[in-house]
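Novice: Okay, handing you the structure first.
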Amino acid sequence: MTKIARRKTDPELGRDVLYTYRYLRAGMIALLLMLLFAVAYEGIADGGCFLGSISAYYFTPARTVFVGALFALGALLIVHNARSAEEDVLLDFSGFMAFVVAMVPTVPDGACGPTPTLTTLEVANAVRNNIWTLIVVAVLAAIVRYVLARRGELVISATPGSRIASIVCGVVLVVELGFFLWKRDSFIHLSHGIAAATMVAGVIAVMVLNALYQPSTERGVKFRRSYYALAVLLGVALAGTVALHLAIEGFAHIILVAEVVIIVLFGAFWVVQTVEVWPTELDEMRDQVQSVEVPGR
1 MTKIARRKTD
11 PELGRDVLYT
21 YRYLRAGMIA
31 LLLMLLFAVA
41 YEGIADGGCF
51 LGSISAYYFT
61 PARTVFVGAL
71 FALGALLIVH
81 NARSAEEDVL
91 LDFSGFMAFV
101 VAMVPTVPDG
111 ACGPTPTLTT
121 LEVANAVRNN
131 IWTLIVVAVL
141 AAIVRYVLAR
151 RGELVISATP
161 GSRIASIVCG
171 VVLVVELGFF
181 LWKRDSFIHL
191 SHGIAAATMV
201 AGVIAVMVLN
211 ALYQPSTERG
221 VKFRRSYYAL
231 AVLLGVALAG
241 TVALHLAIEG
251 FAHIILVAEV
261 VIIVLFGAFW
271 VVQTVEVWPT
281 ELDEMRDQVQ
291 SVEVPGR
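Straight run, no breaks: the sequence shown in the working numbering ends on number 297.
Here it is as structure tokens:
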């Protein structure tokens, strides 16, 4: 029996889309693990000395993984088509902020001895190049999105909640852009912290939204409880980290601990959501797909 080349059937195309979607979701977890492992490896290599934040590892040998993982995470958050308009806005915003966190370094941390640093001029030149590139590509992407929507090739849903989220996120972006255009020094000093904080806020909001939008079915109630539990656990863990910082004199790793907690719990959220959306009718289509065969000569 000899297989012949042919165009893929609709079920096969659906299967390819499904598998691509699943690989993208799995890739998010892999990137989070890469980021955590790079930081842990560098801390162990420094004799158990850890810097005050994950962002501080920008100036260490872990820089490539730090920047690369944030870029990939940002891209995945943006291209991911969420279940609601509100969640879509928040994921797009958090993904964009991930780019800014990667492009604008924080202050070097010398807690573990001499740290390779960049000069002020080198940092300023890198920030100017990177942010202008991000702005230009973001504008072009917005134009393409608008054109596709006008042609009916892209459906953009809007709700009162998504409009409010867009306004809030837009204000943050305008503030960041204003700093970049007119207060470049302030932008370099402040934008990393603003981007990181608002990116995390967007992620927490997504967790809460996933709990609120669950149906009142037995399965929906289970996932609702899981999402609420993760959101509450995140809040308690962050509050506990602050309390630990206040209770222990000289505890300089509050930001590092908080960032690790956020990454771990966001990873857990992503796994739970992946389990929720994994079943699909396309799985049934996949089982029905068979290769076309003709008798060989």
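Just so you know, even glycine gets a beta-carbon here, dropped at the ideal spot from N, CA and C.
May I ask you to verify whether the segment 32 to 44 touches the segment 58 to 70, counting CB pairs closer than 8 Å and requiring at least 3?
Specialist: Below 8 Å, enough C-beta pairs join the segment 32 to 44 and the segment 58 to 70 to call them touching: three or more.
Novice: For A102, is the classification buried or exposed, using 16 other Cβ atoms within 10 angstroms of its Cβ as the cut-off for buried?
Specialist: Counting from 1 along the sequence shown, the entry for residue 102 is found at position 102. It is buried - the Cβ of A102 has at least 16 other Cβ atoms within 10 Å.
Novice: How many whole angstroms separate the CB atoms of L230 and A268, which I take to be in contact at a CB cut-off of 8 Å?
Specialist: Residue 230 sits at position 230 when you count from the first residue of the sequence shown. Residue 268 sits at position 268 when you count from the first residue of the sequence shown. Between L230 and A268 the beta-carbon gap is near 6 Å, inside 8 Å, which marks them as a contact.
Novice: Tell me which residues share the same chain as G74 and place their Cβ nearer than 6 Å to its Cβ, disregarding the 5 neighbours each side in the sequence.
Specialist: Your numbering for residue 74 matches position 74 in the sequence shown. Take G74, set aside five residues on each side of it, and the residues of its chain with a beta-carbon closer than 6 Å to its own are G95, A98 and F99, in chain order.
Novice: Is it right to say T60 is buried, meaning 16 or more other beta carbons lie within 10 angstroms of its own, or is it exposed?
Specialist: If you number the sequence shown from 1, residue 60 lands on position 60. Its Cβ being crowded by 16 or more others within 10 Å, T60 is buried.
Novice: Output needed for A258: all residues of its chain with C-beta closer than 7 Å, excluding positions within five of it in sequence on either side, in chain order.
Specialist: In the sequence shown, counting from the first residue as 1, residue 258 sits at position 258. So the qualifying residues of the chain are L238 and T241.
Novice: Could you name each continuous alpha helix (DSSP H) segment of 4 residues or more that falls completely within the segment 72 to 136, going from the start of the chain to the end?
Specialist: Fully enclosed alpha helix (DSSP H) runs of 4 or longer: 85 to 103.
Novice: Among S186, A138 and V232, which one has its Cα closest to the Cα of A205?
Specialist: Your numbering for residue 205 matches position 205 in the sequence shown. Residue V232 is the option with its Cα nearest to A205.
Novice: When you compare the CB positions of I188 and A124, do they come within less than 9 Å of one another, or not?
Specialist: Mapped onto the sequence shown, residue 188 falls at position 188. Mapped onto the sequence shown, residue 124 falls at position 124. It is a contact, given that the beta carbons lie within the stated cut-off.
Novice: As a quick exercise: from I135, P215, Y228 and C169, pick the residue whose alpha carbon is nearest that of D92.
Specialist: Position 92 of the sequence shown, counted from the start, is the residue given in the question as residue 92. Per the Cα distances, C169.
Novice: Could you give the first and the last residue of the continuous alpha helix (DSSP H) run that contains Q273?
Specialist: Counting from 1 along the sequence shown, the entry for residue 273 is found at position 273. Note, Q273: alpha helix (DSSP H), I254 to V277.
Novice: List the endpoints of the continuous alpha helix (DSSP H) containing T198.
Specialist: Here residue 198 corresponds to residue number 198 of the sequence shown, with the count starting at 1. Residues R184 to L212.
Novice: Just verifying my parser: in three-state terms, what is the DSSP assignment at F37?
Specialist: One-based indexing of the sequence shown puts residue 37 at position 37. Reduced to three states, the DSSP call for F37 is helix.
Novice: Measuring alpha carbon to alpha carbon, tell me which residue in Y21, G47, L265 and I164 is nearest G113.
Specialist: Taking the sequence shown and counting its residues from 1, the one referred to as residue 113 is at position 113. Checked all of Y21, G47, L265 and I164; the closest Cα to G113 is G47.
Novice: Grouping DSSP H, G and I as helix and E and B as strand, with all else coil, what is V67?
Specialist: The residue you call residue 67 lines up with position 67 of the sequence shown. The answer is helix: DSSP assigns V67 an H, G or I state.
Novice: If the criterion is Cβ atoms closer than 9 Å, does the pair L265 and I254 meet it?
Specialist: Within the sequence shown, residue 265 is the residue found at index 265, counting from 1. Within the sequence shown, residue 254 is the residue found at index 254, counting from 1. Not closer than 9 Å, so no.
Novice: If distances are taken between C-alpha atoms only, which option among R184, L18, S84 and D109 comes closest to S55?
Specialist: Here residue 55 corresponds to residue number 55 of the sequence shown, with the count starting at 1. If we check each option's Cα against that of S55, D109 comes out closest.
Novice: By alpha-carbon positions, which one of A211, Y227, E42 and I131 ends up nearest to L181?
Specialist: Within the sequence shown, residue 181 is the residue found at index 181, counting from 1. Nearest of A211, Y227, E42 and I131 to L181, Cα basis: I131.
Novice: Quick check on the burial criterion: 16 or more other C-beta atoms within 10 angstroms. Buried or exposed for V172?
Specialist: As a working mapping, residue 172 is identified with position 172 in the sequence shown. By the neighbour-count rule (16 or more Cβ atoms within 10 Å), V172 is buried.
Novice: From V260 to R145, what distance separates their C-alpha atoms?
Specialist: In the sequence shown, counting from the first residue as 1, residue 260 sits at position 260. In the sequence shown, counting from the first residue as 1, residue 145 sits at position 145. The alpha-carbon atoms of V260 and R145 are separated by roughly 35 Å.
Novice: Using the Cβ count rule (16 or more neighbours within 10 Å means buried), how would you classify G27?
Specialist: Along the sequence shown, one-based indexing puts residue 27 at 27. By the 10 Å Cβ count, G27 comes out exposed.
Novice: Roughly how many angstroms separate the alpha carbons of T120 and H192, rounded to a whole number?
Specialist: Position 120 of the sequence shown, counted from the start, is the residue given in the question as residue 120. Position 192 of the sequence shown, counted from the start, is the residue given in the question as residue 192. In a straight line, the C-alpha of T120 is about 16 Å away from that of H192.
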